[in-house]
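If you use numbering that gives the first Met the number 0, the sequence shown corresponds to residues 0 to 210, in order.
Heads up, the beta-carbon is just placed ideally off N, CA and C, and yes, glycines get one too.
Accompanying notes for the structure given below.
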Amino acid sequence: MTRALPGRVPSRLPVRLLVLAAITVPAFAEPAPPTGEWNFIALLDGKPIGQHRFSVTGQGDERKVVSEANFAVKFLGISVYRYGHKATEQWRDNCLTALNSTTDDDGTPQSVRADQNDATLKGCVMSFAYWNPAIQTQTRLLNAQTGRLESVQVKRIGSSSVEVRGKPVEATEFHITGAANPIAIWYSARGEWLGLDSTVAGGRKLSYRLQ
0 MTRALPGRVP SRLPVRLLVL AAITVPAFAE PAPPTGEWNF IALLDGKPIG
50 QHRFSVTGQG DERKVVSEAN FAVKFLGISV YRYGHKATEQ WRDNCLTALN
100 STTDDDGTPQ SVRADQNDAT LKGCVMSFAY WNPAIQTQTR LLNAQTGRLE
150 SVQVKRIGSS SVEVRGKPVE ATEFHITGAA NPIAIWYSAR GEWLGLDSTV
200 AGGRKLSYRL Q
C-alpha cells in the first residue's frame, strides 16, 4: 500500500491499509447507514497476516465507527513488516463529521484529527467506509490514514461470488479506481459488505475475508 490507506491499503511494503477506512449497492433504494460488526481476516497473496475489525453503533442518523487493523508480514518466520491502524469516526447520515486516527506503518507514526471546522470535511464527505453501501455514488473519499481527499471512480462490475467463512457466496462486485491501489469489493443482496481485494506494492494481493 504507498503511505496511504486499509481507509485504504498500506503501500510501502506489500501491504498498506485499505482503511482501509465505500460504495452503494446496486439499484437498491438507499437505506439508512447500517450498524453492526465486521471482523475480517487479512491475507497477503492468500496467506494470513492479521485482522481488520469494524464496529458501527448509533441510533437515528448518528453513527460511531471504530476500526482497528493489525498486520504482520513474515519471511522465514521473521517479521519483516508491521502495520497498526486505529480510527474513530463520527457520522451523521452518510456524512463524516469527525475523525481521529493513529497509524504505525512499520515504525513510522502518523495521526489524523479532523472535525466539521476543517476544510476536508466541508460539505458531505465520506471516508473509505466500505461498510456503508452509500459510497457507490462518491467521486472523492477521505483517506483516514493520511487525511487527504482522493479522487475515485466507483463502478459496478456485476454478479460474482466471494468466499465467506469458507464458503462461496453470491455477491455483487464493485471496483474503486483512481486511488493509489485499485480495490474490488463484494456486497450481498442485502447490501452487507462481504470482502475486499486490492493490488499493493510489488503486485501482491491484499484480501479481506469476512469471518
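- Checking the DSSP bridge columns, you'll see Phe70 partnered with Gly49, Tyr82.
- Gly157 carries a strand assignment under DSSP once its states are collapsed to helix, strand and coil.
- By the Cβ-count criterion, Arg62 is buried, with 16 or more other Cβ atoms from all chains shown falling within 10 Å of its own Cβ.
- Taking a 10 Å sphere around the C-beta of Phe74, we find fewer than 16 other C-beta atoms and assign the residue as exposed.
- The beta-carbon distance between Tyr82 and Asp104, rounded to whole angstroms, is 6 Å. This is short enough to meet the 8 Å contact definition.
- Note that the region 110-119 does not touch the region 131-138; fewer than 3 beta-carbon pairs, one per stretch, sit closer than 8 Å.
- Between Gln152 and Gly177, the gap from beta carbon to beta carbon is short of 9 Å.
- Residue Trp185 holds the alpha-carbon nearest to the alpha-carbon of Thr171 among Pro181, Trp185, Asn180, Arg164.
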